[in-house]
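Trainee: Heads up: the protein sequence lines correspond to chains A and B, in order.
Residue numbers for the first sequence, in the working numbering: 2 to 112.
Residue numbers for the second sequence, in the working numbering: 287 to 399.
Before I ask anything, here is the structure I am working with.
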Amino acid sequence: AQRVTQPEKLLSVFKGAPVELKCNYSYSGSPELFWYVQYSRQRLQLLLRHISRESIKGFTADLNKGETSFHLKKPFAQEEDSAMYYCALKPPPGNTGKLIFGQGTTLQVKP
Amino acid sequence: NAGVTQTPKFQVLKTGQSMTLQCAQDMNHEYMSWYRQDPGMGLRLIHYSVGAGITDQGEVPNGYNVSRSTTEDFPLRLLSAAPSQTSVYFCASSYSSGTDTQYFGPGTRLTVL
């Protein structure tokens, strides 16, 4: 079965430190993965998707099929990065047709 | 465009009461869904709809009903609220599929006493 695991409920770092939010998935085939973010008092929104190979707000995420991971990284954390982050997986065609979300990780960037 | 709107923002219910959480979108999206967000549990899908007149159950449908009479609206009904339904509820929509980019509403924080 397809599954997304975010092992850390809370990640706390100091401003300027590197950040890595972990996401592991189980999937047979070529997965499509996303990161969604929810800032305080704002709605959940798409941050990035792996097929776009883009960097958004300094964040990048590389799909590692060997390790079945899609970790979100940023070299220098900013206080405004503090938010809840969700990793999500698109299931195979013909499956449920619904994104599978991980449990979420709260990132806290301290001054 | 207002995007996805939800009302109310906050609600307190007593056990056994009923209520409807409203969700509307003005983007002409076919797909709409309801999630609940609980600490340590992430986002769990309650019900979803792939178009007007079509609804289906998600991961945690018990205690909730939905209907989709129009493309724009997708209300979520709690028939007899229970403390276990205390949560933050999010409505989301997307163009045609549950795997397209999801656009979320601001959420409704529900407390059941």
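From the three backbone atoms N, C-alpha and C, an ideal C-beta is built for every residue, glycine too.
If you draw a straight line from the C-alpha of A:GLU21 to the C-alpha of A:VAL38, how long is it?
Mentor: Looking up residue 21 of chain A in the first sequence gives position 20. Looking up residue 38 of chain A in the first sequence gives position 37. Whole-angstrom Cα-Cα distance: 14 Å.
Trainee: Under 8 Å: do the segment 302 to 318 of chain B and the segment 73 to 80 of chain A share three or more Cβ pairs, one atom per stretch?
Mentor: The answer is no - the segment 73 to 80 of chain A does not touch the segment 302 to 318 of chain B, with fewer than three Cβ pairs under 8 Å.
Trainee: Short check: CB of B:ALA338 to CB of B:SER319, under 9 Å?
Mentor: Position 52 of the second sequence, counted from the first residue, corresponds to residue 338 of chain B. Position 33 of the second sequence, counted from the first residue, corresponds to residue 319 of chain B. No, these two residues do not count as a Cβ contact at 9 Å.
Trainee: So which residues of chain B does A:TYR40 contact, with C-beta pairs closer than 9 Å?
Mentor: Sequence index remark: in the first sequence, residue 40 of chain A carries index 39 (1-based). Near A:TYR40 there are no residues of chain B at all, since even the closest Cβ is about 12 Å away, more than 9 Å.
Trainee: With B:GLN343 as the anchor, note down where its beta strand (DSSP E) starts and where it stops.
Mentor: Counting from 1 along the second sequence, the entry for residue 343 of chain B is found at position 57. Per DSSP, B:GLN343 belongs to the beta strand (DSSP E) from 340 to 343.
Trainee: Taking C-beta to C-beta, are A:SER83 and A:CYS24 nearer than 9 Å?
Mentor: In the first sequence, counting from the first residue as 1, residue 83 of chain A sits at position 82. In the first sequence, counting from the first residue as 1, residue 24 of chain A sits at position 23. No.
Trainee: Leaving out five residues on either side along the sequence, give the residues of the same chain with a beta carbon under 6 Å from the beta carbon of A:LEU45.
Mentor: Along the first sequence, one-based indexing puts residue 45 of chain A at 44. So the qualifying residues of the chain are TYR37 and GLN39.
Trainee: Which term fits B:GLY393, buried or exposed, when burial requires 16 or more other beta carbons within 10 angstroms of its beta carbon?
Mentor: Taking the first residue of the second sequence as position 1, residue 393 of chain B is located at position 107. Flag for B:GLY393 reads buried.
Trainee: Quick one: does B:GLN308 have its CB under 9 Å from some CB of chain A?
Mentor: Indexing the second sequence from 1 puts residue 308 of chain B at position 22. Not closer than 9 Å to any Cβ of chain A, the Cβ of B:GLN308 fails to qualify, so no.
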